[in-house]
Amino acid sequence: MKGRLHITNGDHAAKAIKVAGLAHDVLPWRDVLHDGPVPGALKLNELSRVRADFLAVNRRENPEEIRTEFTTRDAMFGLAAEHGRVTLWFESDLYDQLQLAQILAELFNAHAPFEESELIEVDGYLGPLDAAALNRAYESRVKLSIEHFQVAREIWEAFREPQPTRMLKFAARDYPVLPYMAAAIRRLFEEFPHTGTGLTGIQTAVLKSLQSGSVTPAALFTSFAEREERIFLGDASFATYLQEISEVEFPLALFSDGEPIVAPQGGEPLPDFWHRKIAITEMGEKVIGGQADHFALNGIDRWIGGVHLTREIAWRWDPGQRTLVKSQ
Numbered sequence: 008m009k010g011r012l013h014i015t016n017g018d019h020a021a022k023a024i025k026v027a028g029l030a031h032d033v034l035p036w037r038d039v040l041h042d043g044p045v046p047g048a049l050k051l052n053e054l055s056r057v058r059a060d061f062l063a064v065n066r067r068e069n070p071e072e073i074r075t076e077f078t079t080r081d082a083m084f085g086l087a088a089e090h091g092r093v094t095l096w097f098e099s100d101l102y103d104q105l106q107l108a109q110i111l112a113e114l115f116n117a118h119a120p121f122e123e124s125e126l127i128e129v130d131g132y133l134g135p136l137d138a139a140a141l142n143r144a145y146e147s148r149v150k151l152s153i154e155h156f157q158v159a160r161e162i163w164e165a166f167r168e169p170q171p172t173r174m175l176k177f178a179a180r181d182y183p184v185l186p187y188m189a190a191a192i193r194r195l196f197e198e199f200p201h202t203g204t205g206l207t208g209i210q211t212a213v214l215k216s217l218q219s220g221s222v223t224p225a226a227l228f229t230s231f232a233e234r235e236e237r238i239f240l241g242d243a244s245f246a247t248y249l250q251e252i253s254e255v256e257f258p259l260a261l262f263s264d265g266e267p268i269v270a271p272q273g274g275e276p277l278p279d280f281w282h283r284k285i286a287i288t289e290m291g292e293k294v295i296g297g298q299a300d301h302f303a304l305n306g307i308d309r310w311i312g313g314v315h316l317t318r319e320i321a322w323r324w325d326p327g328q329r330t331l332v333k334s335q
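Add 7 to the 1-based position in the sequence shown for the numbering used here, that's all there is to it.
Here it is in structure tokens:
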């Protein structure tokens, strides 16, 4: 690969950049890094295998296809790192900012020359932009500096540690070279179980919406997206979060006919899933009202970066104090 490689978050943005005539080679990163294991002390290809295996199970997709996608992605990225002519296109939300941290850290670790590398960040969404808007974004690009790489590597390493305390420090200060990173990290911490309810930020939003009456997954996702300052997950991820509060010992929400919520499998549209009504259960009402605790009732087995949350490793987010506390 002798030309410039453009790297962005996913397929929608990659297509828009190509259609606008701004790039020939565009690599979508695709990984949902805020969800599932991202342990430290692994090289890129080793971490990609961990991520592929998680996504195959979590998204119910073909394991071999996902592994092949990651292998192809990493090979293209490795070639680009050798000559250092990359253009990074990323948005301001959590999904994108974690990808950006990973890519910058991997470029730094590969000792990639960066004099001809550049970054475009938009406080919005790349996919829906027309050619004129994308051209304006391209004109705002900045040259990558050593500070970009150093800050990103520190954040990426902290994100992958088994304890979240160092990562919390990065949420407390802003970085001029990566202006959206601190806010994204703060949003990440909201997905730890909350004190008082044991619910994550997404679970809290879902149950609050259901308190007004039964509603479809499609309407729930729309409501969630409208409330988020910067939406960071798609409908497939959202569907798995609905399943997580339903397929447990004490369900917090069910389909209105009493059946558990099961997310569509990879590549399976299941239009009826998105248009079947969901209702909050009696236990869901107790939990959202602070009379019961989802974590205590149903336990937890969730990864956030390098932190593996279990009954034994029980970090919680205190929304009032805006900090993490460790449950005893």
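Cβ atoms here follow ideal geometry from the backbone N, Cα and C, with glycine treated the same way.
Would residue i and residue j qualify as a contact pair, given that the criterion is a beta-carbon distance under 9 Å?
{"i": "Ile-295", "j": "Pro-224", "result": "no"}
{"i": "Gly-205", "j": "His-315", "result": "no"}
{"i": "Ile-311", "j": "Pro-171", "result": "yes"}
{"i": "Leu-114", "j": "Ala-144", "result": "no"}
{"i": "Ile-162", "j": "Leu-227", "result": "no"}
Of the choices the options, whose alpha-carbon is the least far from that of residue i?
{"i": "Ile-110", "options": "Thr-94, Glu-123, Ala-286, Glu-122", "result": "Thr-94"}
{"i": "Val-57", "options": "Asn-65, Val-45, Arg-67", "result": "Val-45"}
{"i": "Arg-193", "options": "Gly-17, Ala-48, Thr-79, Arg-180", "result": "Arg-180"}
{"i": "Ala-191", "options": "Gly-291, Ser-124, Phe-239, Ile-252", "result": "Phe-239"}
{"i": "Ala-139", "options": "Ala-23, Asn-305, Glu-128", "result": "Ala-23"}
{"i": "Asp-137", "options": "Ala-27, Ile-285, Asp-325, Ala-117", "result": "Ala-27"}
{"i": "Asn-305", "options": "Thr-75, Trp-281, Leu-259", "result": "Leu-259"}
What are the start and end residues of the alpha helix (DSSP H) that includes residue i?
{"i": "Glu-122", "result": "Careful: Glu-122 lies outside any alpha helix (DSSP H) and carries neither H nor E."}
{"i": "Phe-257", "result": "Phe-257 -> no alpha helix (DSSP H), and no H or E assigned at all."}
{"i": "His-90", "result": "70–90"}
{"i": "Val-57", "result": "51–65"}
{"i": "His-19", "result": "18–26"}
{"i": "Asp-242", "result": "242–251"}
{"i": "Val-213", "result": "208–217"}
{"i": "Leu-195", "result": "188–196"}
{"i": "Leu-304", "result": "301–305"}
Can you name the residues that DSSP bridges to residue i?
{"i": "Ala-286", "result": "Leu-261"}
{"i": "His-315", "result": "Trp-310"}
{"i": "Gly-43", "result": "Ile-311"}
{"i": "Lys-333", "result": "Trp-322"}
{"i": "Glu-98", "result": "Val-129"}
{"i": "Lys-176", "result": "According to DSSP, Lys-176 bridges with nothing at all."}
{"i": "Val-33", "result": "His-13"}
{"i": "Val-149", "result": "Leu-126"}
{"i": "His-201", "result": "Trp-324"}
{"i": "Val-222", "result": "Ile-285"}
{"i": "Val-337", "result": "The shown model of the chain, from 8 to 335, leaves out residue 337, and the question about it has no answer."}
Going by the C-beta, is residue i closer than 8 Å to any heavy atom of the ligand FAD?
{"i": "Ala-243", "result": "In terms of ligand content, the structure shown is empty, and the ligand FAD therefore cannot be addressed."}
Could you give the C-beta distance for residue i and residue j, rounded to a whole number, given that I count them as a contact under 8 Å?
{"i": "Pro-120", "j": "Gly-91", "result": "4 Å"}
{"i": "Leu-40", "j": "Leu-105", "result": "4 Å"}
{"i": "Thr-15", "j": "Trp-96", "result": "4 Å"}
{"i": "Arg-323", "j": "Thr-202", "result": "5 Å"}
{"i": "Asp-38", "j": "Leu-12", "result": "So it is not a contact: roughly 17 Å between Cβ atoms."}
{"i": "Ile-287", "j": "Tyr-248", "result": "Not really, about 15 Å apart at Cβ, beyond 8 Å."}
{"i": "Glu-198", "j": "Gly-47", "result": "The pair is not a contact, with the Cβ atoms about 19 Å apart (cut-off 8 Å)."}
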